[in-house]
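To start, the structure under review is shown below, and the notes come after it.
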Amino acid sequence: MAIRQILYAGDPRLRQKAKPVKQFGPALKALADDMLETMHAANGLGLAAPQIGVLQRLFVAYLPKDEEDPQSGKNFVLVNPQIVQASPESVEGVEGCLSIPSWYGRVARPEWVVVKAMNVHGKPIRIKAHGMLARVFQHEIDHLSGVLFVDYIRKPEDLWQELPEEEPKESTPEAATAVAQPA
């Protein structure tokens, strides 16, 4: 396993559509393992293959253990994921992204989703994700289509920057526009 370099906003690969995975085997398993290690090393909740420059429909996710959430505390690897059902209700929540460090925003997303995918061995799986896991799955599936969370930001006050060891900077319309611009 190896920690891979994460691409940052502005890299054109983050705006490209990922291609479906067709080959299952040791190379895909190694890629998924690298992605999990990279995600955990960066303290992320999810990582899509395009974020490390691999334009394949694959993402990994993890929620820290929470006794009240049975979907927490385990790694997820989803290959060729597809949302097949979503709740009609949307909820606002705060999102960040390993490819846009220190920036956070309020994004409305369906409260739950049903995702159809394959595991790393090519076996079909279906997961009903709710709450934070649903948000993470939707965020990562967006990456597979070249969409970043900042694309959903409509008001400058819904995007802000938090810098480590410093006072948080307030968002300005110029900063929000600069971060939200497609590459």
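Residue numbers 336 to 518, in our numbering, belong to the letters of the sequence shown in order.
Backbone N, C-alpha and C define an ideal beta-carbon position, used for all residues, glycine too.
- Residue VAL471 holds the alpha-carbon nearest to the alpha-carbon of GLN406 among ILE488, VAL485, SER480, VAL471.
- Excluding the 5 residues flanking it on each side, HIS465 has same chain C-beta neighbours closer than 6 Å at TRP447, in chain order.
- The beta carbon of TYR439 lies closer than 8 Å to those of VAL429, GLU430, GLY431, LEU494, TRP495, GLN496, GLU497 in the same chain, with the five residues before and after it left out.
- Apart from the 5 residues on each side of it in sequence, VAL426 sits with its Cβ closer than 6 Å to the Cβ of GLU446 in its chain, given in chain order.
- Where PRO445 is concerned, there is no enclosing alpha helix (DSSP H), although the beta strand (DSSP E) around it starts and stops at 435 to 445.
- Between GLN386 and the set VAL412, ARG348, ILE418, the nearest pair of CA atoms involves ARG348.
- In the DSSP assignment, VAL414 falls within the unbroken beta strand (DSSP E) covering 410 to 421.
- By the Cβ-count criterion, MET370 is buried, with 16 or more other Cβ atoms from all chains shown falling within 10 Å of its own Cβ.
- Its chain contains LEU390, GLN391, ARG392 as the residues whose beta carbon lies nearer than 8 Å to that of LYS354, once the 5 sequence neighbours on both sides are disregarded; these appear in chain order.
- Leaving aside the five residues that flank LEU413 on each side, the residues in its chain whose CB is nearer than 6 Å to its CB run, in chain order, PHE394, ALA452.
- A residue is called buried when at least 16 other Cβ atoms come within 10 angstroms of its Cβ; ARG489 does not meet this threshold and is exposed.
- By alpha-carbon distance to GLU424, the top candidate from THR373, LYS458, ALA469, GLU372 is ALA469.
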